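>
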Amino acid sequence: AQTVTQSQPEMSVQEAETVTLSCTYDTSESNYYLFWYKQPPSRQMILVIRQEAYKQQNATENRFSVNFQKAAKSFSLKISDSQLGDTAMYFCASSTGANSKLTFGKGITLSVRP
Amino acid sequence: SAVISQKPSRDICQRGTSLTIQCQVDSQVTMMFWYRQQPGQSLTLIATANQGSEATYESGFVIDKFPISRPNLTFSTLTVSNMSPEDSSIYLCSVRQGYNEQFFGPGTRLTVL
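Protein chains in written order, with my numbering: chain S, 5 to 118; chain U, 3 to 115.
1. What residues of chain S sit near Met34 (chain U), judged by a beta carbon separation below 8 Å?
2. I'd like to check one pair, Ser84 (chain S) with Leu38 (chain S): are the Cβ atoms closer than 8 Å?
3. Using only alpha-carbon positions, find the residue among S:Gly89, S:Tyr29, S:Phe108 that is nearest to Pro44 (chain S).
4. For Phe35 (chain U) versus Thr50 (chain U), is the C-beta spacing smaller than 8 Å?
5. Check the Cβ-Cβ distances between Tyr29 (chain S) and every residue of chain U, and say whether any is below 8 Å.
6. Nearest to Ala51 (chain S) by alpha carbon, out of S:Glu65, S:Ser115, S:Lys59?
7. In the DSSP output, what is Ser115 (chain S) paired with across the bridge?
8. Look up Asp13 (chain U) in the DSSP assignment and give the residues it is bridged to.
9. For Ile2 (chain U) versus Ser78 (chain U), is the C-beta distance shorter than 8 Å?
10. Drop a sphere of 10 angstroms on the beta-carbon of Thr19 (chain U), count the other beta-carbons inside from all chains shown, and report buried for 16 or more, exposed for fewer.
11. Can you name the start and end residues of the beta strand (DSSP E) that Val37 (chain U) belongs to?
12. Please confirm whether Leu94 (chain U) has its beta-carbon closer than 8 Å to some beta-carbon of chain S.
13. With 8 Å as the threshold, decide whether the Cβ of Ser83 (chain U) is near any Cβ in chain S.
14. Does Ile115 (chain S) come within less than 8 Å of chain U when only Cβ atoms are used?
15. State the start and end residues of the unbroken beta strand (DSSP E) segment that holds Ala49 (chain U).
16. For Pro87 (chain U), collect the residues of the same chain with a Cβ closer than 6 Å to its Cβ; drop the 5 residues on either side in sequence, then sort them by chain order.
17. Could you give the DSSP three-state label for Leu88 (chain S): helix, strand or coil?
18. Would you mind telling me which residues of chain S sit closer than 7 Å to Glu103 (chain U), beta carbon to beta carbon, in chain order?
19. In the DSSP assignment, find the unbroken beta strand (DSSP E) run with Phe68 (chain U) in it and report its ends.
20. I'd like to know if Ser99 (chain S) contacts chain U, where contact means its C-beta is closer than 8 Å to some C-beta of that chain.
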């Protein structure tokens, strides 16, 4: 079974600054994937970034990057140059290679202040 | 990524009735999923919709309550049966594409009175 833990319920950041969202996970699988999803008030779930467990290099997508620490089972998301449009719920999630079922963390509410 | 639509986008229903939610994808996909997001909560997988066979349900979800159809590779429906206020949630469908990525529809917001 997989578990995903997001212990921070909410965070706030000033526009243009950098913020890091934390996530830890647990799995017995050797082949798994980790994701960060964004859910703005419109409720549309948007895939932000993906990390394959077998890759040592941290994934990066424009202003979004991850710090993947496999031994510590940690998968944090860094948002650089925060924008007002980044205000949303952020969910960390994991899936195995076999069945693709996503297991989500509880989510964190991020507010970007002007 | 695939373009996914859901109907209806929202509905208000009376207790004891049923609602069918449709999920349409603009390309053929092998794997489709249905999730529930209760108010202020995270997403929980209800079932995997299998084309041409019965859906695979997660623990705590049963076919009598959440019957699912998957007649082809671009379409699926989820029915919420004999609704109670506890069924008030956002229901989302998703599809798997690429390297184990899942993309979501816009969701259906259901309120049961």
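Backbone N, C-alpha and C fix where the C-beta goes; we use that ideal spot for every residue, glycine too.
Values in this document were obtained by computation on a predicted structure and should not be read as measured data.
If we stick to the structure as given:
1. Residues of chain S passing the Cβ test: none, with the nearest at roughly 11 Å.
2. Contact flag unset, no.
3. For Pro44 (chain S), the nearest C-alpha among the options comes from S:Gly89.
4. yes
5. Chain U, which has no Cβ nearer than 8 Å to the Cβ of Tyr29 (chain S), makes this no.
6. The identity of residue 51 (chain S) in the sequence shown is Leu, whereas the question assumes Ala. With distances taken between Cα atoms, Leu51 (chain S) lies closest to S:Glu65.
7. In the DSSP assignment, the residues bridged to Ser115 (chain S) are S:Ser16.
8. U:Leu112
9. This structure cannot speak to residue 2 (chain U), because chain U is shown only from 3 to 115.
10. exposed
11. Position check: residue 37 (chain U) holds Tyr in this sequence, whereas Val was assumed. Segment 34–39, the beta strand (DSSP E) holding Tyr37 (chain U).
12. yes
13. no
14. Residue 115 (chain S) is actually Ser in this sequence, not Ile. No, its Cβ sits nowhere closer than 8 Å to a Cβ of chain U.
15. 45–51
16. So the list reads Val114, once near-sequence residues are dropped.
17. Three-state result, Leu88 (chain S): helix.
18. Leu51, Arg54
19. For Phe68 (chain U), there is no enclosing beta strand (DSSP E), as DSSP gives it neither H nor E.
20. yes
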